[in-house]
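Q: Supplied in structure tokens, the structure appears directly below.
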Amino acid sequence: MGNPESVELIARRNAIRAGVWVGWLSIVAVGAEISANPALHHRALVLGLDLAAALGNLIFAVVPWQAWLAVPHGRFLLDLWSAGLIGFVTLLCLTAGSGAEFDLLLFLVLPFLATAHAGRRRFVWLATSAAAFAAAAATGPLTPAAAALRASLLAATVVLARTFAHSTQVEAERRVAASARAELEHLLIAEAHHRIKNSLQTVSDLLLLARPSGEAGSAFDETAARIRGISIVHELLGEHSGGWIGADELLRRVAASIDSSVRVEADPIMLGAPEAQHLGIVGNELIANAIRHGGGPVNVRLLAGRSDYALIVEDGGTLCAATETGLGLQLVESVVRYGLKGNFSLGSRPEGGTRAEVSFARKMDADPRR
Numbered sequence: 001m002g003n004p005e006s007v008e009l010i011a012r013r014n015a016i017r018a019g020v021w022v023g024w025l026s027i028v029a030v031g032a033e034i035s036a037n038p039a040l041h042h043r044a045l046v047l048g049l050d051l052a053a054a055l056g057n058l059i060f061a062v063v064p065w066q067a068w069l070a071v072p073h074g075r076f077l078l079d080l081w082s083a084g085l086i087g088f089v090t091l092l093c094l095t096a097g098s099g100a101e102f103d104l105l106l107f108l109v110l111p112f113l114a115t116a117h118a119g120r121r122r123f124v125w126l127a128t129s130a131a132a133f134a135a136a137a138a139t140g141p142l143t144p145a146a147a148a149l150r151a152s153l154l155a156a157t158v159v160l161a162r163t164f165a166h167s168t169q170v171e172a173e174r175r176v177a178a179s180a181r182a183e184l185e186h187l188l189i190a191e192a193h194h195r196i197k198n199s200l201q202t203v204s205d206l207l208l209l210a211r212p213s214g215e216a217g218s219a220f221d222e223t224a225a226r227i228r229g230i231s232i233v234h235e236l237l238g239e240h241s242g243g244w245i246g247a248d249e250l251l252r253r254v255a256a257s258i259d260s261s262v263r264v265e266a267d268p269i270m271l272g273a274p275e276a277q278h279l280g281i282v283g284n285e286l287i288a289n290a291i292r293h294g295g296g297p298v299n300v301r302l303l304a305g306r307s308d309y310a311l312i313v314e315d316g317g318t319l320c321a322a323t324e325t326g327l328g329l330q331l332v333e334s335v336v337r338y339g340l341k342g343n344f345s346l347g348s349r350p351e352g353g354t355r356a357e358v359s360f361a362r363k364m365d366a367d368p369r370r
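Numbered according to the numbering used here, the sequence shown spans residues 1 to 370.
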């Protein structure tokens, strides 16, 4: 689990995302003004400024902000962008003259400045924007109607900027709180699975301590092995905070706990907790059954098809009636049918030996690696 993002980092990233879109809209608006306003001064120079702004906005849109904002120079980049926005609008106003009314674009810049910066920096940049607005307004006299319009827009923009900054801050705080809760839940889940694993191992050890000698002790061995197989699932779930676990890793650990000579070949399949628990039980029983009643070598394969998974356990032994009616295979049939909602078959191979196969449907909407 990674460290949760800070409120400031989330707020900045949201402001940048909004700033990029505002930048493109402003560039389009300037282009429309160039095409429609015959009274525009220095048309070619204004077009050049607009193209330069488009290039700058494209650069800021593709830079890796997610990584850059987390380092100290992230603030400097925000300052650079803020200066570029204000400078762009100011140059437009001074170049195009008062007939273009490009000073209205500054009202789009204010919400970005209020959200991207905090504390003293926010005050400095808002003051800089106000100074730029005053400089732009000085390029030509304003009629009373134009002055009233700008005063109204200024008041509305200030309210909008404060509201947008506040809502962004609240949303960032909610995301940080949700991330912290998720982190805590994962830690609690991991701790719970770790405790379950330890408890199961203790039960397995107690069974073996009470094991009678001779043939009567085989039932204790089988039960202890089943418990160890289940504990392996909880061990993996604890390592992955209760999330998805690799079926290949699960089968390899189960096989190693029974006999290190078992060969396991498995596709990289991810399973949720319920499926992993069922597969762990089934894999443990089939591998133990192959070791106990079959002959070497024992090979385990887990294959991923388009719509289902197949677990195949093969050994060199001969299938007998006692094997087919044993408690282990009865458990396998029950878990496969009611747990995995799949099918189980057991038979002899044409080339000799025994083959056990379990097939169950894959959840196409749940596998994170598909």
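The C-beta atom is built at its ideal place from N, Cα and C for all residues, glycine as well.
(1) CB ALA132 to CB PHE88, shorter than 7 Å?
(2) May I ask you to list the residues that DSSP assigns as paired with PHE344?
(3) Could you check the C-alpha separation between TRP125 and ALA96 for me, to the nearest Å?
(4) Is THR49 near LEU92, with beta carbons less than 7 Å apart?
(5) In terms of residues, what are the limits of the beta strand (DSSP E) holding ARG263?
(6) Taking the alpha-carbon positions, what's the ILE59 to ASN284 distance?
(7) Going along the chain, which unbroken runs of the alpha helix (DSSP H) with 4 or more residues stay wholly within the region 84-156?
(8) Are the region 193-205 and the region 244-258 touching, with three or more C-beta to C-beta distances below 8 Å?
(9) Considering only their Cβ atoms, is the gap separating ALA161 from LEU110 smaller than 7 Å?
(10) Could you name each continuous beta strand (DSSP E) segment of 3 residues or more that falls completely within the region 172-206, going from the start of the chain to the end?
(11) Just curious, the beta strand (DSSP E) that ASN299 is in, first and last residue?
(12) Check this for me: beta carbons of LEU250 and LEU237, under 7 Å apart or not?
(13) From the DSSP output, in three-state form, read off LEU319 for me.
(14) Determine the direct distance from the alpha carbon of SER218 to that of ALA310, and round the result to whole angstroms.
(15) With distances taken from CA atoms, which of HIS73, ALA67, SER35, LEU80 is nearest GLY56?
(16) Go to ASN57, then tell me how far its alpha helix (DSSP H) extends in each direction, as first and last residue.
(17) Could you give the distance in angstroms between the alpha-carbon of GLY243 and the alpha-carbon of ARG17?
(18) By alpha-carbon positions, which one of VAL264, ALA273, GLY342 ends up nearest to ILE232?
(19) Between which residues of its own chain and PRO350 is the CB-CB distance below 6 Å, once the five residues before and five after are set aside?
(20) Within the same chain, show all residues whose beta-carbon is closer than 6 Å to that of ALA290, passing over the 5 residues directly before and after it, in chain order.
(21) Look at the Cβ atom of ALA247, then the Cβ atom of ASP308, and state whether they are nearer than 7 Å.
(22) Apart from the five residues just before and just after ASN3, which ones in its own chain have a Cβ nearer than 8 Å to its Cβ?
(23) Taking LEU340 and HIS278 to be in contact with their CB atoms under 8 Å, please state how far apart those CB atoms are, rounded to whole angstroms.
(24) Which of helix, strand or coil does DSSP assign to ASN3?
(25) Roughly how many whole angstroms lie between the Cα atoms of GLU222 and ILE196?
(26) Determine the burial state of LEU78: buried for a count of at least 16 other Cβ atoms within 10 Å of its Cβ, exposed for fewer.
(27) What does DSSP give as the partner residue(s) for ALA310 in the beta ladder?
(28) Between ALA276 and the rest of its own chain, which residues show a CB-CB distance below 8 Å, the 5 nearest in sequence each way excluded?
(29) Got a sec? Which residues, its chain only, sit under 6 Å from HIS42 by beta carbon, not counting five neighbours each side?
(30) Using a 10 Å radius around the Cβ and a threshold of 16 neighbouring Cβ atoms, would you call SER152 buried or exposed?
(31) Run the CB neighbour count on MET1, radius 10 Å, all protein chains shown included, and call it buried at 16 or more, exposed below.
(32) Does the beta-carbon of GLU215 have 16 or more other beta-carbons within 10 angstroms, so that it is buried, or is it exposed?
(33) Compute the beta-carbon to beta-carbon distance between ARG122 and LEU108, rounded to the nearest angstrom, for a pair I have assumed lies under 8 Å.
(34) With H, G and I counted as helix, E and B as strand and the rest as coil, what does DSSP make of LEU251?
(35) State the DSSP-derived secondary structure class of LEU271, mapped to helix, strand or coil.
(36) Which same chain residues end up closer than 7 Å to GLY295 when comparing Cβ atoms and leaving out the 5 residues on each side of it in sequence?
A: Here's the rundown:
(1) no
(2) Paired residue(s): VAL358.
(3) 24 Å
(4) Sequence check: residue 49 is Leu here, not Thr. Yes, Cβ-Cβ distance for LEU49 and LEU92 is below 7 Å.
(5) 263-266
(6) 56 Å
(7) 106-116, 119-137
(8) no
(9) yes
(10) none
(11) 299-304
(12) no
(13) coil
(14) 30 Å
(15) Nearest to GLY56 by alpha-carbon distance, out of HIS73, ALA67, SER35, LEU80, is LEU80.
(16) Segment 43-62, the alpha helix (DSSP H) holding ASN57.
(17) 31 Å
(18) Among VAL264, ALA273, GLY342, the Cα nearest to that of ILE232 is on ALA273.
(19) none
(20) If we look at ALA290 and ignore the five residues flanking it on each side, its Cβ neighbours are VAL298, VAL313, ASP315.
(21) no
(22) Note on ASN3: pLDDT 45, under 50, position unreliable in the model; the coordinate value appears next. Within the same chain, ASN3 has no close Cβ partners at all.
(23) 5 Å
(24) Bear in mind that a pLDDT of 45 at ASN3, under 50, signals an unreliable position, so the model cannot answer this.
(25) 20 Å
(26) LEU78 is buried by the Cβ-count criterion.
(27) LEU303, SER359
(28) VAL233, LEU236, LEU237, ILE245, ALA247, LEU250
(29) So the qualifying residues of the chain are THR95.
(30) Answer is exposed; the Cβ neighbour count stays below 16.
(31) A caution first: MET1 carries a pLDDT of 42, below 50, which makes its placement in the model unreliable, though a value can still be read off. Exposed, by the Cβ-count rule.
(32) The residue is exposed, with fewer than 16 neighbouring Cβ atoms inside 10 Å.
(33) In fact, because the Cβ distance is near 17 Å, the residues do not count as touching under 8 Å.
(34) helix
(35) strand
(36) ASP315, GLY316, GLY317
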